[in-house]
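Colleague: Quick one: the structure is below, and I'll ask about it shortly.
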Amino acid sequence: MNMRRSILELLVLWMGGGVALHAVTVTSQPWGKDPAGNSVDLYTVKDKNAEVQLTTYGARIVSISVPDKSGKMSSVVLGSPDLDGYIRGRVPFAGATVGRFGNRIAGGEFHLDGKTYETPKNNAGNTLHGGTMGFDRKVWTAKPTASGVIMTLDSPDSDMGFPGNLTVSVDFELRRQHGAPALSIAYTAQTDQPTVINLTNHSYFNLANDSSTPVFEDVARIDADKYTPFDAKSIPTGAIELVEGTPFDFREAHPISKSIPDRGYDNNFVLREHKVSEAVAEVSDPVSGRDIQVFTDQPGLQFYVPKSSPPSPNMNMPARRGPAAFCLETQHFPDSPNQPSFPSTILSPGKPFHSSTTYVFTIKRN
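Position in the sequence shown (from 1) plus 108 gives the number in the working numbering.
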């Protein structure tokens, strides 16, 4: 189906949780070309109370617009108004699907079935988010659905040093969960030889109406009794320790600023055993009233709050007054291929990988 310079309107109707019928429109437009000359598209998925923009460059979330407590619509993720902002990397990985292996691989090396594989070192001697040309810098193939977009990518054997021909799909769906706007992300992958995989989305969230507003006073909760401590290069030591008595204890909701470390947060939390129907994390902005809940089937969550906020991809935005973003990256644990005590990230032929994460946006009125 040719989507260029056309508008595709797809209606999906259902009843759920006593809410009214839900109508979603999906439109697309050309959005420029990547450095290799590949055409990039921008998709807009919209219903009455929410709008999500996605681009095929990096299977990336560009914006998620939802209402505040007064009904004002604003995007709750940092994003660029044009493709150039992502190509130039002013906010690394912003909104992107990262892979093949999200987070870090120590020393850019891992062992699998008796073989040693080397991956590009792009972060203090380690591999971060798949290497120098990870999934965030690839142009994906897109297909509209009734309520979103499915993006697919073929990653050939030895891509960034990883073994196996890998086919990945990411299904973005705008829907309602208990009447609230929700963006679900379903990942599927299959390989023709053993490999490792760790897929996530790297959106930078800010729930305020002004995206330069610091997130210090946002109230966060993470259902994790344990976390994975790391060394000076942000590589896990292999230990799994209790959050009690540490700055990483978010079992009871409290402002992010309460005990934030000097370097900010960039930590993997070991989520409690949970059902997909149970929220594993939640962050609220007391001013806008916006609240985000995270539902996932993954065992870990990387909570990232840089102490010095990343630059904006929009060069016209004002300078920030402090950390103006947080990430909630559902995942397996960092450096899992080199940590035998961590949950396995090995993907084998004939056993497809499936994972899902849903972000639900509600309103809390004081």
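Positions of the beta carbon are idealized from the N, C-alpha and C atoms, including for glycine.
Using 8 angstroms as the Cβ pair cut-off and three pairs as the minimum, do the stretch 295–302 and the stretch 342–361 touch?
Modeller: no
Colleague: In the DSSP assignment, find the beta strand (DSSP E) that holds aspartate 192 and state where it starts and stops.
Modeller: Note, aspartate 192: premise wrong, no beta strand (DSSP E); alpha helix (DSSP H) at 192–195.
Colleague: Looking at C-beta atoms only, is the number of pairs between the stretch 444–451 and the stretch 214–230 that lie closer than 8 angstroms three or more?
Modeller: yes
Colleague: Starting from the N-terminal side, write out each stretch of the alpha helix (DSSP H) that is 4 residues or longer and does not extend beyond the stretch 206–259.
Modeller: none
Colleague: With 16 as the cutoff for other CB atoms within 10 Å, does proline 460 come out buried or exposed?
Modeller: exposed
Colleague: State the DSSP-derived secondary structure class of lysine 334, mapped to helix, strand or coil.
Modeller: strand
Colleague: Would you say phenylalanine 441 and asparagine 376 are within 9 angstroms of each other, going by their C-beta atoms?
Modeller: yes
Colleague: Would you tell me roughly how many angstroms separate the C-alpha atoms of proline 457 and tyrosine 165, rounded to the nearest one?
Modeller: 27 angstroms
Colleague: Could you please give me the residues that DSSP links to glutamine 301 through a beta bridge?
Modeller: Partner(s): none; glutamine 301 has no beta bridge.
Colleague: For valine 384, count neighbouring C-beta atoms within 10 Å of its own C-beta (all shown protein chains included) and say buried if the count is 16 or more, exposed if not.
Modeller: exposed
Colleague: Which residue from Val351, Asp370, Pro369 and Pro200 puts its Cα closest to that of leucine 379?
Modeller: Val351
Colleague: Quick check: the Cα distance between glycine 179 and threonine 224, rounded to an integer number of angstroms?
Modeller: If I take the Cα positions, the gap works out to 54 angstroms.
Colleague: In the structure shown, what three-state DSSP assignment does serine 449 receive?
Modeller: In this structure, serine 449 counts as coil in the three-state DSSP scheme.
Colleague: Quick one: what's got a C-beta closer than 6 angstroms to histidine 462's C-beta in the same chain, skipping five residues either side?
Modeller: Thr296
Colleague: Given a threshold of 16 other Cβ atoms within 10 Å of its Cβ, counted over all protein chains shown, does methionine 259 qualify as buried or as exposed?
Modeller: buried
Colleague: Using a Cβ-Cβ cut-off of 6 angstroms (strictly less than) and excluding sequence neighbours within five positions of aspartate 279, which residues of its own chain qualify?
Modeller: Ile258 and Ala294
Colleague: Among Asn157, Ser449, Thr453 and Val388, whose alpha-carbon lies nearest the alpha-carbon of glycine 287?
Modeller: Asn157
Colleague: Count the CB pairs spanning the stretch 185–198 and the stretch 320–337 that are closer than 8 angstroms, and state whether there are at least three.
Modeller: no
Colleague: Nearest to glycine 269 by CA position, among Asp244, Thr135, Phe469 and Ile213, is which residue?
Modeller: Ile213
Colleague: Please name the residue, chosen from Asp176, Ile368, Met241 and Gln161, that lies closest to alanine 144 on a Cα-to-Cα basis.
Modeller: For alanine 144, the nearest C-alpha among the options comes from Met241.
Colleague: Once the 5 residues before and after threonine 345 are set aside, which same chain residues still bring their CB inside 7 angstroms of it?
Modeller: Pro337, Phe338 and Asp339
Colleague: Am I right that alanine 202 and tyrosine 312 are in contact with their C-beta atoms under 8 angstroms? What's the rounded C-beta distance?
Modeller: The beta-carbon distance between alanine 202 and tyrosine 312, rounded to whole angstroms, is 6 angstroms. This is short enough to meet the 8 angstroms contact definition.
Colleague: Between the Cα of phenylalanine 324 and the Cα atoms of Lys229, Pro394 and Thr453, which residue gives the shortest distance?
Modeller: Pro394
Colleague: Which residues mark the beginning and the end of the beta strand (DSSP E) in which glycine 372 is found?
Modeller: Start and end: 372–379.
Colleague: If you scan the stretch 278–322 from start to end, which runs of the beta strand (DSSP E) of 3 or more residues do you find wholly inside it?
Modeller: If one requires a minimum length of 3 residues, the beta strand (DSSP E) runs lying completely within the stretch 278–322 are 288–299, in chain order.
Colleague: Alpha carbon to alpha carbon, how far is asparagine 234 from leucine 409?
Modeller: 20 angstroms
Colleague: How should threonine 249 be labelled, buried or exposed, when 16 other C-beta atoms within 10 angstroms of its C-beta is the threshold for buried?
Modeller: exposed
Colleague: Got a sec, what are the start and stop residues for the beta strand (DSSP E) histidine 462 sits in?
Modeller: 461–471
Colleague: Which one of Gly222, Pro200, Ser255 and Val174 has the shortest CA to CA distance from valine 132?
Modeller: Ser255
Colleague: Between leucine 236 and chain D, is there a C-beta pair that is closer than 9 angstroms?
Modeller: In the structure shown, chain D does not exist; there is a single protein chain.
Colleague: Using the beta-carbon count (16 or more within 10 Å), is glycine 126 buried or exposed?
Modeller: Residue placement at glycine 126 cannot be trusted, given a pLDDT of 35 that sits under 50; the coordinates are not used to answer.
Colleague: Could you compute how far the alpha carbon of proline 414 sits from the alpha carbon of serine 266?
Modeller: 32 angstroms
Colleague: Taking 9 angstroms as the threshold (C-beta atoms), are proline 289 and phenylalanine 469 in contact?
Modeller: yes
Colleague: Buried or exposed: where does serine 396 fall if 16 or more other Cβ atoms within 10 Å of its Cβ makes it buried?
Modeller: That one is buried.
Colleague: How about asparagine 309 and glutamate 437: do their beta carbons lie closer than 9 angstroms?
Modeller: yes
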